[in-house]
Amino acid sequence: MLENQFGGTSLPTVGVELELQLVDASTLALRQGVDAIFAELPAELSRSVRREFHTCCVEVATDVCASVDDIRRDLKAKLRWVAGAAAHRGLLLAWGGSHPFSHWKDQEVTSDPRYRALADTFQETLRRQLTFGLHVHVGVKSGDAAIRTCDRMREHLPVLLALSANSPFWCGRATGLQSHRIEVMGSLPIGGIPPCFGDWDSFRKLVDELTACELIESPKDLWWDVRPSPPHGTVEVRICDMPLGLEAVLGLTALIECLVHFLSREEDHEIDSDVSPDITGADPARLLILQQNRWLAARYGLDAMLIDRFTRRKVPARVLARELTDRLIPVGRELGCAEYLQDLRARTHRSNDAVTQVATYARTNNLEDVARLMTRADSSGHRQPSLSPLLNQKSLVGLLEASS
Numbered sequence: 054m055l056e057n058q059f060g061g062t063s064l065p066t067v068g069v070e071l072e073l074q075l076v077d078a079s080t081l082a083l084r085q086g087v088d089a090i091f092a093e094l095p096a097e098l099s100r101s102v103r104r105e106f107h108t109c110c111v112e113v114a115t116d117v118c119a120s121v122d123d124i125r126r127d128l129k130a131k132l133r134w135v136a137g138a139a140a141h142r143g144l145l146l147a148w149g150g151s152h153p154f155s156h157w158k159d160q161e162v163t164s165d166p167r168y169r170a171l172a173d174t175f176q177e178t179l180r181r182q183l184t185f186g187l188h189v190h191v192g193v194k195s196g197d198a199a200i201r202t203c204d205r206m207r208e209h210l211p212v213l214l215a216l217s218a219n220s221p222f223w224c225g226r227a228t229g230l231q232s233h234r235i236e237v238m239g240s241l242p243i244g245g246i247p248p249c250f251g252d253w254d255s256f257r258k259l260v261d262e263l264t265a266c267e268l269i270e271s272p273k274d275l276w277w278d279v280r281p282s283p284p285h286g287t288v289e290v291r292i293c294d295m296p297l298g299l300e301a302v303l304g305l306t307a308l309i310e311c312l313v314h315f316l317s318r319e320e321d322h323e324i325d326s327d328v329s330p331d332i333t334g335a336d337p338a339r340l341l342i343l344q345q346n347r348w349l350a351a352r353y354g355l356d357a358m359l360i361d362r363f364t365r366r367k368v369p370a371r372v373l374a375r376e377l378t379d380r381l382i383p384v385g386r387e388l389g390c391a392e393y394l395q396d397l398r399a400r401t402h403r404s405n406d407a408v409t410q411v412a413t414y415a416r417t418n419n420l421e422d423v424a425r426l427m428t429r430a431d432s433s434g435h436r437q438p439s440l441s442p443l444l445n446q447k448s449l450v451g452l453l454e455a456s457s
């Protein structure tokens with residue numbers, strides 16, 4: 054049974070998980086390599102560098118951080134080590150929500166017992182989930198605050214997806230979607246937009262019921278776009294594709310951190326004044342509009358015409374993104390991340406990463422060039438060099454000092 058306690062905090066905390074692709078430095082195809090990286094993993098990184106479902110993926114997680122500036126320093130140090138260890142094995146890190154031409158049928162499942170058990174249960178439904186996302190954790194003070202935030206966050210998920218969409222290619226073909234990752238993940242049995250709960254007790258009862266029915270083992274098996282994470286005391290936003298590089302990660306992290314802090318407050322605000330739990334399902338149109346907005350964001354990205362939740366009129370996603378960012382600038386100043394919000398706002402005047410991928414292919418007619426684009430960003434945002442294998446002999450302490 055899910056415990057009543059929620060490990061909340063009154064202090065601003067934020068954390069990030071990056072799901073990065075491991076590609077062959079010569080062919081740029083996905084290659085299993087996470088076990089080789091783990092073979093030389095130093096103890097100080099054992100909780101931060103992790104296996105994911107496929108052996109061609111490595112997850113890099115931050116410590117619990119107090120600010121987006123801390124996220125930057127944390128990730129720079131860890132990414133330098135991971136990129137160095139990968140280069141030593143003839144691998145590069147690639148940033149994107151999907152690989153442009155490697156096929157999911159050719160990928161191996163990691164040896165982790167949990168993932169092996171999931172593969173045995175879900176078979177191809179899970180094996181074809183060759184997708185890579187950005188997950189952002191933001192600390193909140195209580196379980197009720199977490200549920201309140203998740204309920205209110207649902208309305209903003211399509212905008213977050215439009216900003217981060219970065220998976221237009223799948224198994225060697227153009228999909229016509231800017232986020233095909235969301236389409237692939239739609240086959241999971243408990244995923245997508247979560248229901249409204251209203252309070253922590255309602256969520257706890259659902260988890261207990263699903264666990265008793267053996268539909269899930271823990272809340273980790275709820276693959277929703279946003280969910281509470283009881284052990285961490287956080288709201289975890291999971292809808293974002295992995296963007297092209299660290300700067301985009303930091304901008305999205307700042308937006309999500311500010312949005313969680315704003316929505317978790319008990320008092321009503323203009324930004325969510327019409328967002329109230331619809332536990333009885335009395336407003337089916339509202340859920341259908343939300344689901345359609347999510348699909349439109351996956352299809353068109355920032356050029357999507359989304360239904361505004363206040364006026365019920367169509368508004369460009371990039372306009373909604375700018376309005377949302379503008380409303381959160383005061384929160385950003387409070388949390389020390391306003392500069393990152395401004396950088397993200399500037400991106401709404403340009404194309405998102407999916408459009409950049411498609412434009413690269415239109416120019417060269419070669420998906421290898423798209424994959425090469427995805428390997429350009431190292432931990433500092435520059436073209437990824439052939440990092441020295443000596444990096445993996447340095448201690449994490451040295452790397453932290455070098456990146457600060």
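Numbers given in the working numbering equal positions in the sequence shown, counted from 1, plus 53.
Every residue gets a Cβ at the ideal spot worked out from N, C-alpha and C, and that includes glycine.
Can you look up residue i in the DSSP assignment and give me helix, strand or coil?
{"i": "TRP223", "result": "strand"}
{"i": "PRO330", "result": "Any reading at PRO330 must be qualified, since the residue scores a pLDDT of 44, below 50, and its modelled position is unreliable; the value itself is stated next. Residue state, collapsed to three classes: coil."}
{"i": "CYS109", "result": "coil"}
{"i": "CYS311", "result": "helix"}
{"i": "MET206", "result": "helix"}
{"i": "ARG103", "result": "strand"}
{"i": "PRO281", "result": "strand"}
{"i": "LEU377", "result": "helix"}
{"i": "ALA92", "result": "coil"}
{"i": "TRP276", "result": "strand"}
{"i": "ILE292", "result": "strand"}
{"i": "ALA114", "result": "strand"}
{"i": "ILE360", "result": "strand"}
{"i": "PRO369", "result": "strand"}
{"i": "GLU270", "result": "coil"}
{"i": "GLU72", "result": "strand"}
{"i": "HIS188", "result": "strand"}
{"i": "ASP336", "result": "coil"}
{"i": "VAL193", "result": "coil"}
{"i": "SER255", "result": "helix"}
I'd like the list of long-range same chain contacts for residue i, defined as Cβ closer than 7 Å, with 5 residues on each side in sequence excluded.
{"i": "HIS233", "result": "SER151, SER220, PRO221 and TRP223"}
{"i": "GLY60", "result": "PRO283, PRO284, HIS285 and GLY286"}
{"i": "TYR353", "result": "GLN231"}
How about residue i and residue j: are their beta carbons less than 8 Å apart?
{"i": "LEU73", "j": "PHE185", "result": "yes"}
{"i": "LEU145", "j": "ALA139", "result": "yes"}
{"i": "ARG104", "j": "VAL87", "result": "yes"}
{"i": "ALA301", "j": "ALA215", "result": "no"}
{"i": "ALA374", "j": "VAL212", "result": "yes"}
{"i": "ALA407", "j": "ALA218", "result": "yes"}
{"i": "GLY149", "j": "MET295", "result": "yes"}
{"i": "CYS118", "j": "GLY68", "result": "yes"}
{"i": "GLU83", "j": "GLY225", "result": "A small correction: the amino acid at residue 83 is Leu; Glu does not occupy that position in the sequence shown. Contact: no."}
Apart from the five residues on each side of it in sequence, which residues of its chain come closer than 6 Å, Cβ to Cβ, to residue i?
{"i": "PHE106", "result": "TYR168"}
{"i": "TYR393", "result": "VAL121, LEU303, GLY304 and ALA307"}
{"i": "GLN147", "result": "Note that residue 147 is Ala in the sequence shown here, rather than Gln. Only GLN74, VAL76, MET427 and THR428 meet the Cβ criterion."}
{"i": "ILE235", "result": "ALA351"}
{"i": "PHE91", "result": "none"}
{"i": "ALA227", "result": "none"}
{"i": "VAL189", "result": "VAL69, VAL290, THR306 and ILE309"}
Using the C-alpha atoms, what's the distance from residue j back to residue i?
{"i": "CYS249", "j": "ILE292", "result": "17 Å"}
{"i": "ARG280", "j": "CYS203", "result": "6 Å"}
{"i": "VAL384", "j": "ALA399", "result": "18 Å"}
{"i": "ALA199", "j": "SER79", "result": "45 Å"}
{"i": "LEU179", "j": "ASP274", "result": "12 Å"}
{"i": "ARG380", "j": "ALA170", "result": "44 Å"}
{"i": "ASN346", "j": "LEU230", "result": "14 Å"}
{"i": "PHE256", "j": "THR409", "result": "40 Å"}
{"i": "ARG181", "j": "LYS158", "result": "7 Å"}
{"i": "SER271", "j": "ASN418", "result": "45 Å"}
{"i": "ASN405", "j": "VAL372", "result": "14 Å"}
{"i": "ASP396", "j": "ILE382", "result": "12 Å"}
{"i": "LEU268", "j": "THR163", "result": "23 Å"}
{"i": "ASP252", "j": "ASP261", "result": "15 Å"}
{"i": "VAL423", "j": "VAL135", "result": "22 Å"}
{"i": "PRO166", "j": "LEU183", "result": "19 Å"}
{"i": "GLY137", "j": "GLN160", "result": "23 Å"}
{"i": "ASP336", "j": "PHE363", "result": "14 Å"}
In chain order, what residues of the same chain have a beta carbon less than 8 Å from the beta carbon of residue i, not counting five sequence neighbours either side?
{"i": "ARG125", "result": "LEU299 and LEU303"}
{"i": "LEU377", "result": "HIS209, VAL212, LEU308, LEU312 and ILE324"}
{"i": "GLU112", "result": "GLU70, LEU71, GLU72, LEU73, VAL102, ARG103, ARG104 and GLU105"}
{"i": "VAL193", "result": "GLY61, THR62, ALA199, THR202, GLY286, THR287, VAL288, VAL313 and SER317"}
{"i": "ARG366", "result": "ILE360"}
Assuming residue i and residue j form a contact by the criterion Cβ under 8 Å, report the distance between their Cβ atoms to the nearest whole angstrom.
{"i": "LEU187", "j": "LEU94", "result": "Not quite, the Cβ-Cβ distance comes to about 22 Å (not below 8 Å), so this is no contact."}
{"i": "GLN85", "j": "THR108", "result": "4 Å"}
{"i": "LEU81", "j": "ARG416", "result": "Wrong, their Cβ atoms sit about 17 Å apart, outside the cutoff."}
{"i": "TRP276", "j": "ILE243", "result": "6 Å"}
{"i": "ARG207", "j": "LEU343", "result": "6 Å"}
{"i": "THR401", "j": "LEU341", "result": "Not really, about 26 Å apart at Cβ, beyond 8 Å."}
Can you check whether the C-beta of residue i is within less than 8 Å of a C-beta belonging to chain B?
{"i": "LEU397", "result": "The structure shown has no chain B; it contains just one protein chain."}
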